[in-house]
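Working notes for the structure below.
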Amino acid sequence: MLGALWLRTCDRRSRAVAVVAFAVPVGLYVVTNLAWFGAAVPVSGLLKSTFPVPCPTGWRMTGVNTSISGFNVVFGWIPLTLTLAACWRLRVVAPTAYAQLWPLAVGLVAQTVYVGLFTHHPDSWLWHYVVPVTVGAWATALLIDHELPQRMRPRVATAVMALALMGAGGYAVRACIRSLPRSDSQIVVDWLRAQDIRDATLLVSDGPGEIAFVTANRIIGLDLLTTNATVVQQVLGAANPLQQVLQQAKMCGRSVDYVVVTTGTWLTATRVASDGQTLQARFLSPGACRQHKVGQLQLGACRSIPTRS
């Protein structure tokens with residue numbers, strides 16, 4: 010949008026206002042991240058980024074989360090396509106609307122390229138697509154406004170709203186009647202409650218958020234997403250990252266009481282060795298396509314949590 014404002018203004022004062030309006034919120038965001046996380050982006054963005062190493066992931070068929078190279082088809086690629094098509098057409102029939110839309114189209118293209126080529130984990134969480142969906146909807150509305158005859162617009166608007174309501178209603182009904190398997194985190198939560206474990210420090214290999222939210226325990230996520238850039242550097246720079254995680258917890262006065270190993274499918278791949286006494290983990294480093302920093306930890310008495318009640 011800054012580019013559009015720059016091109017549409019001639020005097021220096023207006024251009025200065027455009028620059029400040031862009032620079033102030035972006036600058037505050039970066040400064041806040043540096044102060045809080047120790048990096049220009051949150052730790053999740055730091056760890057998931059493979060830049061400058063390209064790591065495309067291909068086509069994945071997973072229902073509504075179907076993606077091409079980690080970018081959602083329904084909520085990412087389709088809105089991007091609609092936006093580019095609207096830009097191509099509006100450039101001819103509505104230059105003013107085009108001037109407002111093309112900077113956002115450039116941003117969507119940049120997001121798609123970065124997610125598709127320089128992001129370790131597929132961008133499956135739907136809240137990541139608020140901007141593509143919003144811009145795609147606006148681009149479609151602009152295109153309809155300039156291309157459809159006036160008499161057809163109410164019909165098209167009614168049809169679009171009906172389709173949206175049908176889709177949302179169908180998805181809600183399906184979610185209500187479909188029996189979903191319990192997540193690993195839910196299984197762990199039930200077990201912790203059954204054992205009356207509370208006020209303990211747990212090192213969780215995967216899915217720590219739900220466990221932290223619904224239990225009265227202190228949770229350390231082995232994916233390092235709840236740490237900061239300094240801790241990440243210390244852990245990944247250690248000869249044995251797992252031991253360094255325990256050391257960091259001890260330095261904070263919160264020695265680890267339990268190690269919870271779930272599927273280990275997130276940023277840190279974990280598994281218990283065949284002897285049942287050794288935890289092995291492969292940590293992901295910024296700028297890396299795959300987990301490659303290996304750590305080991307000797308465990309105490311191990312117990313398996315039943316996955317079915």
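Following my numbering, the numbering of the sequence shown begins with 10 at its first residue and continues without gaps.
Backbone N, C-alpha and C define an ideal beta-carbon position, used for all residues, glycine too.
Given a cut-off of 7 Å, decide if residue j and residue i are closer than it, judged by their beta-carbon atoms.
i, j, result
"Pro250", "Ser58", "no"
"Val270", "Leu212", "no"
"Leu234", "Val52", "yes"
"Ile220", "Ser194", "yes"
"Thr92", "Val144", "yes"
"Ala95", "Leu56", "no"
"Thr71", "Gly79", "no"
"Gly238", "Gly47", "In the sequence on display, residue 238 carries Ala and not Gly. Yes; because the gap between Cβ atoms is below 7 Å, this pair is in contact."
"Phe127", "Phe222", "no"
"Val182", "Thr224", "no"
"Gly85", "Tyr138", "yes"
"Asn42", "Ala32", "no"
"Ala150", "Leu110", "no"
"Leu99", "Ala106", "yes"
Who are residue i's beta bridge partners in DSSP?
i, result
"Trp68", "Ile77"
"Lys302", "Phe292"
"Val268", "Leu212"
"Thr279", "Ala290"
"Thr128", "Ser58"
"Arg227", "Thr210"
"Gln307", "Thr287"
In three-state terms, what does DSSP make of residue i?
i, result
"Phe84", "helix"
"Arg291", "strand"
"Thr210", "strand"
"Ser58", "strand"
"Arg183", "helix"
"Thr149", "helix"
"Gln252", "helix"
"Val40", "helix"
"Arg24", "helix"
"Arg191", "coil"
"Gln204", "coil"
"Trp97", "helix"
"Val29", "helix"
Relative to the C-alpha of residue i, which candidate in the options has its C-alpha closest?
i, options, result
"Asn226", "Arg98, Gly304, Val265", "Val265"
"Gly176", "Val124, Val83, Thr224, Tyr123", "Val83"
"Leu113", "Pro141, Gly304, Trp134, Val62", "Pro141"
"Ala278", "Leu255, Ala290, Gln286", "Ala290"
"His155", "Gly116, Ala49, Ile196, Ala103", "Ala103"
"Val303", "Ala184, Arg187, Gly246", "Gly246"
"Leu89", "Leu201, Gln120, Leu43, Ala106", "Gln120"
"Asp284", "Leu306, Val26, Val50", "Leu306"
"Pro2", "Leu172, Val165, Leu231", "Residue 2 falls outside the range modelled here, since the chain spans only 10 to 318, and no answer is possible."
"Val73", "Pro163, Ala184, Trp97", "Ala184"
"Trp136", "Arg160, Asn81, Met161, Ala27", "Asn81"
"Val115", "Ser214, Trp97, His129", "Trp97"
"His301", "Ala248, Asp215, Trp200", "Ala248"
Once you ignore the five residues that flank residue i on each side, which residues in its own chain have a CB closer than 8 Å to its CB?
i, result
"Ala209", "Asn226, Arg227, Asp266, Tyr267"
"Val244", "Leu233, Thr236, Pro250, Gln253, Val254, Gln257, Phe292"
"Val35", "none"
Considering only residues of the same chain and omitting the five flanking positions on each side of residue i, which have a CB-CB separation below 6 Å?
i, result
"Val241", "Leu233"
"Cys64", "Cys298"
"Ser318", "Residue confidence for Ser318 is low, a pLDDT of 43 falling below 50, so the modelled location carries little weight; the figure read from the coordinates is stated next. Correct list: empty, nothing qualifies."
Tell me which same chain residues have a C-beta within less than 7 Å of the C-beta of residue i, skipping the five on either side of it?
i, result
"Thr167", "none"
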